[in-house]
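Let me begin by presenting the structure, written as structure tokens, before commenting on it.
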Amino acid sequence: MDAARGYWERIPARGWVLASVVAVLAFLYPSYAGSLAGLPAVGVYVPAVDSMVVMIVFTMMAVGLNVVVGYAGLLDLGYVAFYAAGAYTAAWLASQHFEQWTFHLGSAGLSPELPGIHLSLWLVLLVAGLFTAVTGILIGLPTLRLRGDYLAIVTLGFGEIIPQVVRNGDDIRGINFTGGSFGISPIDAPGFGETLSGAGLPVNYAQSFDRARLFYWTAVALLLFTVFCCVRLRDSRLGRAWIAIREDETAAAAMGVPLMRTKTWSYAIGAFFGGIAGAYYASFKSGAFPADFYFNISIFLLCMVILGGMGSVWGVILGGMILGWLNVEGLATIGSEIGLQDVPRYQFGIYGIIIVAMMLFRPTGLIPERRHKREMEEGVADTPLYDVSHGGGGQEGH
Amino acid sequence: MLRGHMPDGASNSPLSRMGAILTGPRPGFVSVLGLAVAGLVLLWLFVNAVQTPELFANVALIGLTNGAVFGLVALGYTLVYGILQLINFAHGDVFALSGLVGFTVLFSVFKVSADAASVMTVLAVLAALAITVPLFATINATIEFVAYRPLRHSPRLAALITAVGVSFIVQNIGLYFYDVRFRSASQLLPRDPVFELGDISYSWNKLIVLLITVPALIALTWFVRNTRQGKAMRAVAQDRDAAAMMGIDVNRTISVTFALAGSLAAIGGMLFLTQFNLRYDTGFELGLIAFTAAVLGGIGNLQGAVLGAMLIGFIQAFNEGLTWLSPGSDWTRSIVFGILIAILVFRPEGLLGERTPEGA
């Protein structure tokens, strides 16, 4: 065992080797999912390719949330707002919602006479990311001065306001922006259009026989892009600044880290990936509905981050896939296997138990981030919960 | 006043602040903006009051009742925050669960028939309180013991995240035992008018809410101000280490605080049950409203929590009840959270509180 470990430690860039192996296995998943599902006893727990898409999209959001919560240490309880912003960007720019205008730009496999705004979904993903990042900055600018729990509450407030605005947004001065509680559907699917179809690329995912697989491969590619960006960011100057702020804001400021700018960047970048994931998911579901954007989603994503390990990208992916699976299929399958049909109904109670249990028994998560683990074991510079009215990191002395 | 002391009562009062704004050489942009918004709201209320005076008075009475119930829950947030600086997310769900358990006590244990209100049904409500109040005092103290106490040396966010988790657990306990149906005991309190003035009427069921809330608030204030245990609470809130050195049992004091918060939530849950509908997830939103009230008044400040709750109660009732230019109940949540955000961003110490570095 030790010999194998020593050999493994000598491989250069072993992290990337492992990541590549996982990525290749992930890309090949549709080809062996069928045989896995045929296995006795465990076969029923193997998720379908369709479910995998949902799991990966939510994992992507969790990785984005990890930038805010894990890297910069800012508790965001309203991440669902970014998901909503991304989804509605896709709904505005790639559906028949604004039927008074007809505008096509790179739309794949659609008739050019189709009313409404139809941008290429690849462009929509980018625009959704940027729009959501701007939303993140707008939310962040007034609120990031607040520390800790106050910030959490403010983000929660935004997470509650935005869905209500979306729900009521079907009649703002007579203009229907959001389709009210019915939402907006259908939303265009991604595709490569007629010109690129010669190279073997699909014209439009939704019109293809391989719809689920195409969406799956694209989701994996988006997740890889997110993970790559997040890992590189973590090791950048900005990433070190985030971690410095997380560990001790006062010390970081004293060392010349610009607090507001650094925090705002974490919001913007976290939001960016949330927006892309939201837009992609809206396209996959072919709709954006206000009922999807409720507080529990924010907690669900937070639970992924906590289960995996705050700040640890690989941990968050693991946590995201586990909880995503529980949410999409797992709880229902487990419930029917053990004869309790009610299990999915209590999913948020189960997530609550996971959160409390992780915080009490393994606060660093399944795959702890190295620095965060040390912080938890050796004590922290942050004001402990019961420590009141002292100078330093927390409450002001009177 | 639970947390700390007022630096200087006169210089910190809202009125003198306003005076300073009016006479000071350079009024702060935020203060001017705040006054402008407050002025517009007052103007809107005034126009409504002139146009439909009866409706206005009735709606104001509804707001008073709602505000009293919010106040009971808001006090729970403010007590716990004052002593631990922890936003106890689970508090709203404890409140909702207490209402549901109160429903069981009333209709399954006491077998009250909901046909007509009588002296007996009012007594039954009081008797049910005698069961739910100690029960939920114990439950709330247990939550602290199990979930928050082990985290005392962890970063503050760890406890906050745990509180969110506990909130979901409590909510799902309610879901398990009471499914998704709404419960109500609105028939138990008499709805005969206390007084009628033209179209303005004030019914007994609303007055009973005040008759229970006001003594509870007086008792709480007396407890915190005058008893040995209350003194210990204030001491722990100011400085835990120093309090421990003076021989105060910090753990016990914190447990007592949670028990007090739980009892107030149980009273609130019962009163809510007699006024409105309640189900397993009611506590989440109502908890956030109550928390907003606590922040509005100045978190950690008992009088502030009640003041904030009254204001929020009025705002909600006016928004939903008035006719001229009112956004309506579709927007209540946005308005309440908008107030929360505005207060946290511009005046995190609240109306009556003192400045803390959270907002600095």
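Protein chains in written order, with this note's numbering: chain A, 474 to 871; chain B, -11 to 348.
Each residue gets a CB set at the ideal place from its N, CA and C atoms; glycine is no exception.
- Residue state for residue 583 of chain A is assigned as coil, using DSSP reduced to three classes.
- Along the segment 321 to 340 of chain B, going in chain order, the ones with a CB nearer than 7 angstroms to a CB of chain A are 321, 322, 325, 326, 328, 329, 332, 333, 336.
- Around residue 622 of chain A, the beta-carbon contacts reaching into chain B at under 7 angstroms are 75, 144, 148.
- Taking 4 residues as the minimum length, the alpha helix (DSSP H) runs contained wholly in the segment 72 to 129 of chain B are 78 to 92, in order along the chain.
- Spatial neighbours of residue 842 of chain A in its own chain (CB-CB distance under 8 angstroms, excluding positions within 5 residues in sequence) are listed in chain order as 543, 782, 783, 784, 785, 788.
- Residue-level contact check: residue 131 of chain B does not touch chain A, since none of the beta carbons of chain A fall below 8 angstroms from its beta carbon.
- Residue 610 of chain A is positioned such that its CB atom lies closer than 8 angstroms to that of residue 737 of chain A.
- Interface with chain A (8 angstroms Cβ-Cβ cutoff): residue 237 of chain B is excluded.
- Under the DSSP assignment, residue 575 of chain A falls in the beta strand (DSSP E) whose first and last residues are 575 to 578.
- Of the candidates B/109, B/130, B/198, the residue whose Cα lies closest to the Cα of residue 298 of chain B is B/198.
- Within chain B, the C-beta atoms nearer than 9 angstroms to that of residue 548 of chain A come from 145, 148, 149, in chain order.
- At a cut-off of 8 angstroms between C-beta atoms, residue 164 of chain B counts as an interface residue with respect to chain A.
- DSSP, reduced to helix, strand and coil, places residue 171 of chain B within a strand of the structure shown.
- Neighbours of residue 821 of chain A across chain B, judged by C-beta separation under 8 angstroms: 156, 159, 160.
- In the three-state reduction of the DSSP assignment, residue 264 of chain B falls in the coil class.
- The Cβ of residue 80 of chain B sits no closer than 8 angstroms to any Cβ of chain A.
- The beta carbon of residue 57 of chain B lies closer than 6 angstroms to those of 256, 259, 260 in the same chain, with the five residues before and after it left out.
- Between the segment 831 to 839 of chain A and the segment 165 to 183 of chain B, the count of Cβ pairs shorter than 8 angstroms is below three; the stretches do not touch.
- Chain-order list of chain A residues neighbouring residue 67 of chain B: empty, with the shortest C-beta distance near 14 angstroms, by a criterion of under 8 angstroms.
- Judged by DSSP secondary structure, residue 823 of chain A falls within the alpha helix (DSSP H) whose first and last residues are 820 to 834.
- For residue 667 of chain A, the three-state secondary structure derived from DSSP is helix.
- Chain-ordered, the chain A residues with CB closer than 7 angstroms to the CB of residue 318 of chain B read 641.
- Residues of the segment 291 to 312 of chain B that bring their beta carbon within less than 9 angstroms of a beta carbon in chain A are absent altogether.
- Each residue's CA atom was taken as its position, placing residue 721 of chain A and residue 728 of chain A some 11 angstroms apart.
- Secondary structure at residue 590 of chain A: strand, using DSSP grouped into helix, strand and coil.
- For residue 625 of chain A, the neighbours in chain B by C-beta distance under 7 angstroms run, in chain order, 148.
- Contact residues of the segment 590 to 624 of chain A toward chain B are 615, 616, 618, 619, 620, 621, 622, 623 (C-beta to C-beta distance below 8 angstroms).
- For residue 155 of chain B, the three-state secondary structure derived from DSSP is helix.
- Annotation for residue 578 of chain A: 592 place their beta carbon closer than 6 angstroms to its own, counting only its chain and skipping 5 residues before and after.
- In its chain, beyond the 5 residues on either side, 36, 39, 40, 43 have a beta carbon closer than 8 angstroms to the beta carbon of residue 311 of chain B.
- By the Cβ neighbour-count rule, residue 99 of chain B is exposed, with fewer than 16 other Cβ atoms within 10 Å of its own.
- Within chain A, no residue has its beta carbon less than 9 angstroms from that of residue 18 of chain B; the closest one is some 11 angstroms off.
- Contact between residue 275 of chain B and residue 83 of chain B holds, with the beta-carbon distance rounding to 7 angstroms and staying under 8 angstroms.
- A Cβ-Cβ contact shorter than 8 angstroms links residue 116 of chain B with residue 90 of chain B.
- The segment 182 to 235 of chain B contains, as complete beta strand (DSSP E) runs of 3+ residues, the segments 188 to 191 (chain order).
- Not one beta carbon of chain A lies nearer than 8 angstroms to the beta carbon of residue 173 of chain B.
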